[in-house]
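Note sheet for the following structure.
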Amino acid sequence: MKLLLVQAYLGRQEPPVFPLGLACLAAHLTEHELLGLDLNVAPRPWEALRQSMETLRPDAVLISLRNVDTTWYGDPFYYFPHFQEQARQIRALAPRTLIVLGGSGFSIFPREIMDRTPEIDLGIMGEAEGTIQALVAQPRDPRAFPNVIYREGNELRGGALAAIVPMEDYLPPRYDLFPLASYLDNPLGIGVETKRGCPLNCSYCTYPQLNGGHARLIPPARTVALLRELKERHGVRRFTFTDSVFNMPRGHAENLLRQLIDARLGLQWEAYFHESHFDGEFLELSLEAGCDKFWFSPDGITPHALKALGKQQTATEVRRTWRLITTRGDVEANFSFFWQYPGMRWRDFLALTGFYLRHRLTRHRRAVITFNQIRIEPGTQIQTQAIAEGLIAADDSLLPSQPGEMMRMFYQRRPRGLFEWSYAALLALKRQLSPS
């Protein structure tokens, strides 16, 4: 079969991110003729789509929807309407071609997206590698796949279970499916997995729903071999590990770091780290292995805040990690926090403000603190709490019907007042203190 693999169009120019999900699918579709298309790197997206459809004349179009929006309170851009336009364009170009949708963004809102996008024939929930080969071979019988949503008249059927792929079946992604040159200038452009699944249970996060609640490990030697190929065949010089948390389990991460050091590839990379598995020894090992930016998501700075957010690190571990980073002047890092969450108290807000001011006094220009609000997503503890507090109704859709509804999707305590004013003052201070 001829298959067109398309990364969903975001609707605006952003630093391009390699379509890792589609590259993973492509590794399992060796018997088919494939063409990859990322509309986000095409100068004229709709013209590129038309040309690809006319050139390949695909039997099926496989679309990956990574995100429906930015989930960033300071930049609440809604991608979903642009994806819908893309689906309409594909259907107009090929009225009888099978259109299959997957990706993490789809898997969070599967039925709503299928309902609002009638052009989509089939939707795959969760990890699709174990499904895609058999599904494209027999698309007219989707009932055989528990993770596939399909249409039966005007009804949506199936999709009872999101698929989780055993790592024994993991194949190296097809990085040659898309021209890598388009992504090399973005520090986060090239993603590499070392595992899937997340053992944490943060109150706002969908990762355990999407990839399971325990880590499924890829042998470090396979990861190093893949990195060697990326460097020697594709000219990659830096990349990012896409794991939800790189250093859990710590032993697996340390094994990989030592093998990277021994391989002498000279690659630079960045990743998300968890403070409970981070110390001076691990910092030095990571630096020696090529890490040049460390991302942390403690979200809160007090024991009460961390408990309210379902975090598994302690306030002591957060502060210890921050001291390790800021003690050195040559380490780039980002610490992200939420400024509003269920159960937040004034003492938590004042502790966060004090922590930020203390950070500014270190004059460490390569370590930054960022603030965000929680994007409420289906199936999370935050959704349950927001319903209990009357911020949203149990039957409220968390997929906006229009871009103007984006702000309503963030957790915001009521009544709004002194907290909001105080936070606005903190952000104004942050802007004033930031170097120009």
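So the sequence shown is residues 22 to 457, counted in our numbering. No residue lacks a Cβ here, since even glycine has one placed at the ideal position from N, Cα and C.
Judged by pairs of C-beta atoms under 8 Å, the stretch 411-429 does not touch the stretch 224-237, as fewer than three such pairs exist. When DSSP states are grouped into helix, strand and coil, P319 belongs to the strand group.
Per DSSP, reduced to three states, the secondary structure at V62 is helical. With a cutoff of 8 Å on beta-carbon distance, P36 and L209 are scored as near each other. Here the alpha carbon of F315 sits roughly 19 Å from the alpha carbon of D206. Taking 8 Å as the upper bound for CB-CB distance, I153 and V169 are not in contact here, some 10 Å apart.
Comparing alpha-carbon positions, the option among R396, E426 and A372 lying closest to S443 turns out to be A372.
Residue pairing from DSSP leaves G174 without any beta-bridge partner. Minimum Cα-Cα distance from E140 among the listed residues P160, F127, R117 and R112 corresponds to R112.
Taking the C-beta atoms as reference points, M74 is found no nearer than 8 Å to H53. Each residue's CA atom was taken as its position, placing A181 and R164 some 11 Å apart.
DSSP links L238 through a beta bridge to K216. Note that the C-beta distance between Q334 and P324 is not below 8 Å. Burial check for S307: the Cβ neighbour count within 10 Å reaches 16 or more, so the residue is buried. Judged by their CB atoms, C223 and G331 are nearer to each other than the 8 Å cut-off. The three-state reading of DSSP puts L25 in strand, counting E and B together.
For F294, the closest alpha carbon among the candidates L201, Q159, I346 and L247 is that of I346. The beta-carbon distance between I397 and M430, rounded to whole angstroms, is 6 Å. This is short enough to meet the 8 Å contact definition. Going by DSSP, Q289 is part of the beta strand (DSSP E) stretching over Q289 to F294. Along the length of the stretch 240-266, whole beta strand (DSSP E) runs at least 3 residues long occupy 259-262, reported in chain order. Every alpha helix (DSSP H) stretch that sits fully inside the stretch 101-187 and reaches 4 residues is listed by chain position as 101-114, 125-129, 131-137 and 150-158. The stretch 394-410 makes no contact with the stretch 54-73; the number of CB pairs closer than 8 Å stays below 3. According to the DSSP assignment, I390 belongs to the beta strand (DSSP E) that extends over A388 to N393. In terms of Cβ geometry, F104 and L86 form a close pair [threshold 8 Å].
Annotation for F376: the continuous alpha helix (DSSP H) segment containing it runs W367 to L382.
For S307, the uninterrupted alpha helix (DSSP H) segment begins and ends at G301 to E309. Burial state of N268 is buried, judged by a 10 Å Cβ sphere holding 16 or more other Cβ atoms.
Your pair Q361 and R434 checks out as a contact, with CB atoms roughly 6 Å apart and the cut at 8 Å.
For D80 and D313, the gap between their C-alpha atoms comes out near 44 Å. The residue from P421, F376, L221 and A284 with its alpha-carbon nearest to that of E250 is A284.
Here P194 is buried, its C-beta having at least 16 other C-beta atoms within 10 Å.
For I403, the enclosing alpha helix (DSSP H) has its first and last residue at Q402 to A409. For A81, the enclosing beta strand (DSSP E) has its first and last residue at A81 to S85. With respect to the 8 Å criterion, G212 and T244 are not classified as neighbours on the basis of their beta carbons. At a Cβ-Cβ threshold of 8 Å, V339 and E296 count as neighbours.
A Cβ-Cβ contact shorter than 8 Å links L55 with L198.
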